[in-house]
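Read the structure below first, then the notes.
Chains as they are written, first to last, in my numbering: chain A, 48 to 158; chain B, 2 to 119.
Take a look at the structure:
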């Protein structure tokens with residue numbers, strides 16, 4: 048799996064959009080960008096994934112640059128419950144290999 | 002749908018003692034993973050099972066760690082003897098295996114077992 052780079056930590060005010068960046072300059076053509084998050088004292092939870100087109104679901108939006116070397120996870124209206132560590136992972140879709148986690152970005156949503 | 006169940010939630014043991022963790026994956030999920038998460042780090046894969054066979058155990062410290070999934074459903078992870086550096090959260094996850102492929106859909110994680118070795 049290609050390596051990713053994420054900021055160590057970020058802050059966001061409640062109700063504002065949280066934009067979490069991820070760099071993956073060595074991503075391969077068949078690798079997708081996956082996002083997971085881990086709320087304190089819980090296991091990681093899948094959020095969203097995409098290949099090259101922007102994706103949106105009930106949790107978040109994923110914007111992938113045209114050259115696919117970076118992406119941004121957007122939480123449109125952050126709440127206190129979105130405080131968590133967010134992991135960006137690149138991998139082949141439905142890979143038989145396990146997820147390879149980095150250190151992620153610790154997002155703190157403040158009142 | 003029930004999630005991945007793990008027990009116990011917390012465990013405190015002295016170094017050189019043994020400990021075992023139990024995991025019950027989501028029904029129908031053939032693939033099961035054990036991860037170790039040290040404080041401040043992302044989860045690190047210890048072992049991956051497909052049914053009752055081992056797919057990847059390259060990062061499992063086999064001198065002290067063992068894992069089994071005898072009937073292809075529940076799994077146990079054991080540490081014997083424990084060291085101080087084994088203090089971590091042990092996460093179990095499972096995923097659905099697409100039939101006749103070597104592909105797995107998204108992984109679902111349990112809440113983990115927090116181990117403290119003193």
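Every residue gets a Cβ at the ideal spot worked out from N, C-alpha and C, and that includes glycine.
Here the structure is a predicted model, which means the values were calculated and not measured.
Can you give me the start and stop residues for the beta strand (DSSP E) that residue i sits inside?
{"i": "residue 152 of chain A", "result": "152-157"}
{"i": "residue 68 of chain A", "result": "65-70"}
{"i": "residue 148 of chain A", "result": "Neither: residue 148 of chain A is in no beta strand (DSSP E) and is coded neither H nor E."}
{"i": "residue 89 of chain B", "result": "89-96"}
{"i": "residue 115 of chain B", "result": "114-118"}
Across which residues does DSSP place residue i in a beta bridge pair?
{"i": "residue 23 of chain B", "result": "B/8 and B/77"}
{"i": "residue 102 of chain A", "result": "A/109"}
{"i": "residue 96 of chain A", "result": "A/81"}
{"i": "residue 119 of chain A", "result": "A/68 and A/110"}
{"i": "residue 58 of chain A", "result": "A/155"}
{"i": "residue 37 of chain B", "result": "B/45 and B/91"}
{"i": "residue 141 of chain A", "result": "In DSSP, residue 141 of chain A forms no bridge with anything."}
{"i": "residue 131 of chain A", "result": "A/154"}
{"i": "residue 86 of chain A", "result": "The partner list for residue 86 of chain A (beta bridge, DSSP) is empty, contrary to what the question assumes."}
{"i": "residue 13 of chain B", "result": "B/117"}
{"i": "residue 104 of chain B", "result": "B/99"}
{"i": "residue 32 of chain B", "result": "B/51 and B/96"}
So the candidates are the options; which of them puts its Cα closest to the Cα of residue i?
{"i": "residue 103 of chain B", "options": "B/21, B/12, B/32 and B/13", "result": "B/32"}
{"i": "residue 71 of chain A", "options": "A/144, A/134 and A/157", "result": "A/134"}
{"i": "residue 97 of chain B", "options": "B/61, B/29, B/17 and B/5", "result": "B/29"}
{"i": "residue 71 of chain B", "options": "B/43, B/8, B/91 and B/50", "result": "B/50"}
{"i": "residue 45 of chain B", "options": "B/9, B/106, B/91 and B/55", "result": "B/91"}
{"i": "residue 98 of chain A", "options": "A/139, A/63 and A/54", "result": "A/139"}
{"i": "residue 50 of chain A", "options": "A/158, A/104, A/151 and A/156", "result": "A/151"}
{"i": "residue 73 of chain B", "options": "B/34, B/117 and B/14", "result": "B/34"}
{"i": "residue 52 of chain A", "options": "A/122, A/107, A/82 and A/123", "result": "A/82"}
{"i": "residue 25 of chain B", "options": "B/48, B/115, B/111 and B/117", "result": "B/111"}
{"i": "residue 77 of chain B", "options": "B/101, B/105, B/113 and B/88", "result": "B/113"}
{"i": "residue 89 of chain A", "options": "B/109, B/117, B/118 and B/61", "result": "B/109"}
{"i": "residue 88 of chain B", "options": "B/18, B/4 and B/7", "result": "B/18"}
Determine, for residue i, whether the minimum Cβ-Cβ distance to residues of chain B falls below 8 Å.
{"i": "residue 93 of chain A", "result": "yes"}
{"i": "residue 89 of chain A", "result": "yes"}
{"i": "residue 76 of chain A", "result": "no"}
{"i": "residue 155 of chain A", "result": "no"}
{"i": "residue 50 of chain A", "result": "no"}
{"i": "residue 149 of chain A", "result": "yes"}
{"i": "residue 67 of chain A", "result": "no"}
{"i": "residue 79 of chain A", "result": "no"}
{"i": "residue 134 of chain A", "result": "yes"}
{"i": "residue 146 of chain A", "result": "yes"}
Against chain A, does residue i count as a neighbour if the rule is that its beta carbon must be under 8 Å from one of theirs?
{"i": "residue 26 of chain B", "result": "no"}
{"i": "residue 46 of chain B", "result": "yes"}
{"i": "residue 52 of chain B", "result": "no"}
{"i": "residue 103 of chain B", "result": "yes"}
{"i": "residue 66 of chain B", "result": "no"}
{"i": "residue 58 of chain B", "result": "no"}
{"i": "residue 42 of chain B", "result": "yes"}
{"i": "residue 106 of chain B", "result": "yes"}
{"i": "residue 22 of chain B", "result": "no"}
{"i": "residue 111 of chain B", "result": "yes"}
{"i": "residue 94 of chain B", "result": "yes"}
Contact criterion: CB-CB distance below 8 Å. Does residue i meet it with respect to chain C?
{"i": "residue 141 of chain A", "result": "No chain C is present in this structure, whose protein chains are A and B."}
Item to check | Contained beta strand (DSSP E) runs [length at least 3] in the segment 46-84 of chain B, N- to C-terminal order | outcome: Fully enclosed beta strand (DSSP E) runs of 3 or longer: 54-57, 66-69 and 76-80.
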